[in-house]
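J.: Those protein sequences? They're chains A and B, same order as listed. FYI, in our numbering the residues of the first sequence are 1 to 259. FYI, in our numbering the residues of the second sequence are 1001 to 1259. Positions of the beta carbon are idealized from the N, C-alpha and C atoms, including for glycine. Small disclaimer: the values here were computed from a predicted structure and weren't measured.
Number of protein chains: 2
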Amino acid sequence: MPHASAPQHDAPRDSPDTTPDAAAGTPPAKARGKAGEKSPRSTARKAVGRPPRISRDDVVRAARRIVDDAGVDALTMRRLATDLGTTPMALYHHVRDKEELLVLLLDDYAAGALRPTGLPDDPVERVLAAAAAIHDALAARPWIAQVLTADDLMAASALWYVEQVVDGLTAAGLSPAQAVHGYRAIWYYTAGEILVRATAARRRAADDRPTYREHVFAGLDPAELPRLSGVAADWAELTAQDTYRDGLRALVTGLVAGR
Amino acid sequence: MPHASAPQHDAPRDSPDTTPDAAAGTPPAKARGKAGEKSPRSTARKAVGRPPRISRDDVVRAARRIVDDAGVDALTMRRLATDLGTTPMALYHHVRDKEELLVLLLDDYAAGALRPTGLPDDPVERVLAAAAAIHDALAARPWIAQVLTADDLMAASALWYVEQVVDGLTAAGLSPAQAVHGYRAIWYYTAGEILVRATAARRRAADDRPTYREHVFAGLDPAELPRLSGVAADWAELTAQDTYRDGLRALVTGLVAGR
DNA sequence: ACCTGAACACCGTTCAAGT
DNA sequence: ACCTGAACACCGTTCAAGT
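Listed below in structure tokens is the structure:
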């Protein structure tokens, strides 16, 4: 199901948008000049002019290929154009800029993530399952981390997961406002885990300056920092363990207990 | 106290390192060629050659100025060189590359953060206070967020905070391993909050595509996503509220309860 | 040892023009 | 309407040379 339900936000002029101001009223500042001045003789919605060679979907698909194959750093407008057999500037007719492309990519990916079948009935367990599902889907692709900071996600196609979390928290006794705040807390924790872990993995892969933390920990003063000195030897092993679900459970438990 | 205790990791050749392999044994891959081949006649540690015009501290200080004044995006090696009255390449004699500079910057900033005086005696409250202190220190500077992903922080000078958290969790009954995992969970939550919030703020400041989320929420199908439809009108207001401490308390409560 | 100058190999994006 | 070509205004970093 490739992003069938993802809304085409900021689609260039061809989206039959229901809200009038999204298409004509107050377009984003950057696009305003272009949209208003560039096509002075487009009097009607007729399909006039050169037929398109590539579509927005083509762009997103090609971008996803690059990112999956070679990482998000390899995604440049120039390479993307080359892969599509066009020029860099042709892309700008389909996406506003690179950041929009990244958000589109994230949406597209979230839409393709599997919705877990048979979520538990118990509210807390349901929250845990939904959060873990979106976490696992995102954590599976390391490039997500770098895109995450470009959007607070939870946009468009990931809303189903958000619904499950908010619903579960409500069923567990939280007020609607508390449930939204609870969802946000879960999202902070989840996004943070993905980002921190992805960075650590990148660091490890580069195998550059690998001994920095060890260096710091080796120089610990047991008198000043006794606890850290005590766990210094095990730190690497302990932090390498995947404890996402444990922390998630603690957070959700605390949210429900503190209602 | 400008990072007096911050270790000079990867300082170029002049650091009298105690661990032999940090200075000579296995230098990072990138630097290996340069370090091994560039100075064939440096037979002793004598201060020979041209006297330095700028120091590593100068570089970090100038970088901090730029970042504080104009944001992290304005920090380029070229501008930094201009501000220091040198050439871009002179900088590379003091820092390995730009990423190291960013990490140095983060360290430097964390070292300058105020340690809260009079931490509470109660273990849970102590954990909350320490975590909130590091959170507030980092959240005060928006550029931190972008640097955070370049390091898992908690390095060097921020260790005091880590000690407080691990100690508090231990005093609350967690095992050393549980305390480390708990600290990690708190760090995920904290880093995630800062990152997500900073991105949202950036988005708002750009006032570009401001209606995307509203657009998505306006198109919600109440039959499919009833909870979200119910809170759609209040979403912006609810998520604008600062609930970092509430979520933190829930997390810590859950960690202690689940021990 | 420390610094400079010039160059390399890129970026994202604008602008004016073509069909 | 859609695409092209050339250019702008940058990047971080390497390399060879100077003092």
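If you compare alpha carbons, which of 1239(B), 1192(B) and 1077(B) is closest to residue 1092(B)?
T.: One-based indexing of the second sequence puts residue 1092(B) at position 92. For residue 1092(B), the nearest C-alpha among the options comes from 1077(B).
J.: Using a Cβ-Cβ cut-off of less than 8 angstroms, give me the residues of the segment 1178–1194 of chain B that come near chain A, in sequence order.
T.: 1179, 1180, 1181, 1182, 1184, 1185, 1187, 1188, 1189, 1190, 1191, 1192 and 1193
J.: Just by C-beta distance, which residues in the segment 230–241 of chain A are closer than 8 angstroms to chain B?
T.: 230, 231, 234, 235, 238, 239 and 241
J.: Consider the Cβ of residue 166(A): report whether some Cβ of chain B lies at a distance smaller than 9 angstroms.
T.: Mapped onto the first sequence, residue 166(A) falls at position 166. Residue 166(A) counts as touching chain B.
J.: Count the other CB atoms within 10 Å of the CB of residue 117(A); is the residue buried (16 or more) or exposed (fewer)?
T.: On the first sequence, residue 117(A) is found 117 positions in, with the first residue counted as 1. Exposed, because fewer than 16 other Cβ atoms sit within 10 Å of the Cβ of residue 117(A).
J.: Specify the secondary structure class of residue 164(A) as computed by DSSP and reduced to three states.
T.: Translated into the one-based positions of the first sequence, residue 164(A) becomes position 164. If DSSP states are grouped into helix, strand and coil, residue 164(A) belongs with the helices.
J.: Hey, how far is the Cα of residue 1243(B) from the Cα of residue 224(A)?
T.: Residue mapping note: residue 1243(B) aligns to position 243 of the second sequence, counting from 1. Residue mapping note: residue 224(A) aligns to position 224 of the first sequence, counting from 1. Looking at the two C-alpha atoms, the distance is approximately 32 angstroms.
J.: Less than 9 angstroms between CB atoms is the rule here; does residue 1246(B) satisfy it with respect to chain A?
T.: On the second sequence, position 246 is the one that residue 1246(B) refers to. True, the Cβ-Cβ gap to chain A drops below 9 angstroms.
J.: Name the two residues that bound the continuous alpha helix (DSSP H) containing residue 135(A).
T.: Within the first sequence, the letter at position 135 stands for residue 135(A). Here the alpha helix (DSSP H) through residue 135(A) covers 123–139.
J.: Is the segment 1128–1141 of chain B in contact with the segment 1102–1113 of chain B, if contact means three or more CB pairs nearer than 8 angstroms?
T.: yes
J.: Hey, residue 1227(B) and residue 166(A): beta-carbon distance below 9 angstroms or not?
T.: Position 227 of the second sequence, counting from 1, holds the residue named residue 1227(B). Position 166 of the first sequence, counting from 1, holds the residue named residue 166(A). A contact, by the Cβ cut-off of 9 angstroms.
J.: In terms of residues, what are the limits of the alpha helix (DSSP H) holding residue 88(A)?
T.: For this step, residue 88(A) is matched to residue 88 along the first sequence. For residue 88(A), the enclosing alpha helix (DSSP H) has its first and last residue at 88–91.
J.: Name the chain A residues whose beta carbon is nearer than 7 angstroms to that of residue 1250(B)?
T.: Counted from its first residue, the second sequence places residue 1250(B) at position 250. Here the neighbours are 185, 251, 254, 255 and 258.
J.: Residue 1148(B) and residue 1194(B) look like a contact to me (Cβ under 8 angstroms); what is the Cβ gap, rounded to whole Å?
T.: By one-based count along the second sequence, residue 1148(B) stands at place 148. By one-based count along the second sequence, residue 1194(B) stands at place 194. Yes, residue 1148(B) and residue 1194(B) are in contact; Cβ-Cβ is about 7 angstroms, under 8 angstroms.
J.: By a C-beta neighbour count over all protein chains shown, 10 Å radius and 16 as the cutoff for buried, is residue 1164(B) buried or exposed?
T.: Looking up residue 1164(B) in the second sequence gives position 164. Looking at its Cβ environment, which holds 16 or more other Cβ atoms inside 10 Å, residue 1164(B) is buried.
J.: Residue 1050(B): buried (16+ other C-beta within 10 angstroms of its C-beta) or exposed?
T.: Taking the first residue of the second sequence as 1, we reach residue 1050(B) at position 50. Classification for residue 1050(B): exposed.
J.: Once you ignore the five residues that flank residue 1222(B) on each side, which residues in its own chain have a CB closer than 6 angstroms to its CB?
T.: Position 222 of the second sequence holds residue 1222(B). Closer than 6 angstroms at the Cβ level, and outside the excluded window around residue 1222(B), lie 1229.
J.: Do we get a CB-CB distance below 9 angstroms when we pair residue 1119(B) with the residues of chain A?
T.: Within the second sequence, residue 1119(B) is the residue found at index 119, counting from 1. So, not an interface residue.
J.: For residue 1183(B), which residues in the same chain have their Cβ closer than 8 angstroms to its Cβ, ignoring the five residues on either side in sequence?
T.: Taking the first residue of the second sequence as position 1, residue 1183(B) is located at position 183. Around residue 1183(B): 1162, 1165, 1166 and 1169.
J.: Do you know how far the Cα of residue 158(A) is from the Cα of residue 57(A)?
T.: The residue labelled residue 57(A) in the question sits at position 57 within the first sequence. The residue labelled residue 158(A) in the question sits at position 158 within the first sequence. One C-alpha to the other measures close to 19 angstroms.
J.: Which chain B residues sit within Cβ distance under 8 angstroms of residue 176(A)?
T.: Residue mapping note: residue 176(A) aligns to position 176 of the first sequence, counting from 1. Below the 8 angstroms Cβ cutoff, chain B contributes 1227, 1230, 1231 and 1234 as neighbours of residue 176(A), in chain order.
J.: Note down, in chain order, each residue of its chain lying with its Cβ closer than 7 angstroms to the Cβ of residue 1235(B), except the 5 sequence neighbours on either side.
T.: Looking up residue 1235(B) in the second sequence gives position 235. Counting only Cβ-Cβ distances below 7 angstroms, and skipping sequence neighbours, we find 1217.
J.: Is residue 102(A) close to chain B? Criterion is C-beta to C-beta, closer than 9 angstroms.
T.: Indexing the first sequence from 1 puts residue 102(A) at position 102. False, the Cβ-Cβ gap to chain B never drops below 9 angstroms.
J.: List the residues of chain B whose Cβ lies closer than 8 angstroms to the Cβ of residue 243(A), in chain order.
T.: On the first sequence, position 243 is the one that residue 243(A) refers to. Within chain B, the residues near residue 243(A) are 1181, 1184 and 1185.
J.: On the premise that residue 1252(B) lies in contact with residue 1124(B), defined as a C-beta separation below 8 angstroms, what is that separation, rounded to the nearest angstrom?
T.: Along the second sequence, one-based indexing puts residue 1124(B) at 124. Along the second sequence, one-based indexing puts residue 1252(B) at 252. Going by Cβ atoms, the distance from residue 1124(B) to residue 1252(B) rounds to 6 angstroms, so yes, they are a contact pair.
J.: Using the Cβ count rule (16 or more neighbours within 10 Å means buried), how would you classify residue 1087(B)?
T.: Counted from its first residue, the second sequence places residue 1087(B) at position 87. Exposed is the call here.
J.: What span of residues does the alpha helix (DSSP H) with residue 1106(B) cover, start to end?
T.: By one-based count along the second sequence, residue 1106(B) stands at place 106. 1098–1112 is the span of the alpha helix (DSSP H), which, as asked, contains residue 1106(B).
J.: Tell me whether the beta-carbon of residue 84(A) lies closer than 9 angstroms to the beta-carbon of residue 70(A).
T.: Residue mapping note: residue 84(A) aligns to position 84 of the first sequence, counting from 1. Residue mapping note: residue 70(A) aligns to position 70 of the first sequence, counting from 1. It is not a contact, given that the beta carbons lie outside the stated cut-off.
J.: So, helix, strand or coil for residue 257(A), using DSSP?
T.: The residue given as residue 257(A) occupies position 257 in the first sequence. Helix.
J.: For residue 114(A), decide whether its Cβ has a neighbour in chain B, counting only Cβ atoms nearer than 9 angstroms.
T.: Residue mapping note: residue 114(A) aligns to position 114 of the first sequence, counting from 1. Chain B contact via Cβ: absent.
J.: Going by the beta-carbon positions, is the gap between residue 190(A) and residue 1254(B) smaller than 9 angstroms?
T.: Here residue 190(A) refers to the residue found at position 190 when the first sequence is read from its first residue. Here residue 1254(B) refers to the residue found at position 254 when the second sequence is read from its first residue. No.
J.: Going straight from the alpha carbon of residue 259(A) to that of residue 214(A), what length do you get?
T.: Mapped onto the first sequence, residue 259(A) falls at position 259. Mapped onto the first sequence, residue 214(A) falls at position 214. Computed Cα separation, rounded: 41 angstroms.
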